[in-house]
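Line by line, the protein sequences give chains A and B.
Here my numbering is used: position 90 in the first sequence is 90, and no number is missing along the way.
With positions in the second sequence counted from 1, the corresponding number in my numbering is that position plus 1000.
Every residue, glycine too, gets a C-beta built ideally from N, C-alpha and C.
There are 2 protein chains.
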Amino acid sequence: MTTGGPGERADEMLRDLRRAGLKLTPQRIAIVRLFAGDPSHPTAQDLFERLRPAFPSMSFATVYNTLDTLARAGMAGIVRLPGKRGDAARFDPNTAAHHHAVCDGCGAVLDIAAGTLSPTPGAVKKLGRAAPGFAVHSVERIYRGLCAGCARGR
Amino acid sequence: MTTGGPGERADEMLRDLRRAGLKLTPQRIAIVRLFAGDPSHPTAQDLFERLRPAFPSMSFATVYNTLDTLARAGMAGIVRLPGKRGDAARFDPNTAAHHHAVCDGCGAVLDIAAGTLSPTPGAVKKLGRAAPGFAVHSVERIYRGLCAGCARGR
DNA sequence: CTTGCACCTTGGAATGATTATCACTAGCTT
DNA sequence: AAGCTAGTGATAATCATTCCAAGGTGCAAG
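Structure (structure tokens):
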């Protein structure tokens, strides 16, 4: 079993990166180490700013490229939420099947475990009626509401 | 009951606009007439281009402003879907509770009727475990797959 | 250990969507 | 009809994201 130690997820991700035939550059290693265990669904900007102190020469494009590469390789997810302004993509190192809960107060995004992302028989049936011939592949859910902290403050 | 005639939805929306204390300008009337009965989830660009022939003087910003105004007044919805590039917001005149099915092939967006957008007791329970204290308000679902046409062509 | 090259990284410019600004115009109330 | 105020148009500004060209570098093969 896993030891649960910090950085373990990162090492696993780096191993997967290499296994996928991708090069382990210092930049990628830094990004992965920072990103792998981060449950806050950071934006590329977030990560870039946290990396800048240690890697002043890193390019913003590299952060995007790396996150995109991770996503393409199935090691990360991209979460986009409808929001009025400056709606940046959020990246998610959690590759297990899960949905998201979004706090309308502070904008926090929480992972909600799901056994599967496959549609339920009932949903398939309903879809068949509403959109005949549509072949469902997966379902994505977004729960809207207020997180514990924001619910208290209102 | 409704007569189901074309433009009826538009008239209703215009009535609601006035009721909301908003001015009925020629531009708004044109946008609403075009938008109200359109189930294709058009982008602001789509509408702008379709309006241009008849209203060459209309500004792109006005289309955005009007759609935003409609959305704020609860007469329209905004649908944003995760997509790599040039991901424009889509507007939805359907104010009834519903979810969306997105075709990964052609990008079409279909409405899927839903009795309610409130979370099921089961979902609430699961949420309570995964995110203690989170007060759910609504659930949004996106079904991914292939529409009838795209499923056939592959 | 050296080499070669395909893949990476940079920095900045380009693209696209959306919002802000501001002077002007036109609904709507009195 | 007159004025207050919100709406409009044109454009600039902003923000996220991608593209590009040029130089670097991980790493597999020798």
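With a CB to CB cut of under 7 Å and the five nearest residues on each side skipped, what residues in its chain are close to residue i?
i       : result
L24/A   : L14, L17 and R18
L1047/B : I1031, L1034, F1035 and V1063
Quick one: grab the DSSP three-state call for residue i.
i       : result
C150/A  : helix
A73/A   : coil
R1052/B : coil
T62/A   : helix
A1101/B : strand
F35/A   : helix
D111/A  : strand
D87/A   : coil
R80/A   : coil
G122/A  : helix
A1020/B : coil
A135/A  : strand
G145/A  : strand
What does the Cβ neighbour count give for residue i, buried or exposed, with the cut at 16 atoms within 10 Å?
i       : result
A1096/B : exposed
E140/A  : buried
P1053/B : exposed
V56/A   : The residue asked about is misnamed: residue 56/A is Pro in this sequence, not Val. It counts as exposed.
Below 8 Å CB to CB, which residues in the same chain sit around residue i once its five sequence neighbours on both sides are set aside?
i       : result
A1044/B : F1060, V1063, Y1064, L1067, A1088, A1089 and F1091
A76/A   : F35, L67, L70, F91, D92, P93 and T95
Can you tell me the Cα-Cα spacing of residue i and residue j, whole angstroms?
i       : j       : result
L1117/B : H1098/B : 7 Å
A1131/B : Y143/A  : 11 Å
R1085/B : R1009/B : Since pLDDT at R1085/B reaches only 46, below the 50 mark, its modelled position is unreliable, and the value read off the structure follows with that caveat. Distance between the alpha carbons of R1085/B and R1009/B is about 33 Å.
G133/A  : A108/A  : 37 Å
I1112/B : L1022/B : 30 Å
G1005/B : D1038/B : 14 Å
G122/A  : G1153/B : 26 Å
Q27/A   : R72/A   : 18 Å
G128/A  : R50/A   : 47 Å
I29/A   : P1119/B : 40 Å
G1115/B : E12/A   : 43 Å
V1124/B : M58/A   : 43 Å
H155/A  : G1007/B : This structure cannot settle anything about residue 155/A, because the visible part of chain A is limited to 1 through 154.
A148/A  : K126/A  : 33 Å
A1020/B : C1103/B : 35 Å
G1074/B : P82/A   : 15 Å
Does the beta-carbon distance from residue i to residue j come in below 9 Å?
i      : j       : result
V136/A : A1101/B : yes
Cutting at 6 Å between CB atoms, please list the residues of its own chain near residue i, excluding the five before and the five after it.
i       : result
S1138/B : L1117
G203/A  : What the structure shows of chain A is the stretch from 1 to 154, and residue 203/A is not part of that stretch, so it cannot be assessed.
L1110/B : A1101
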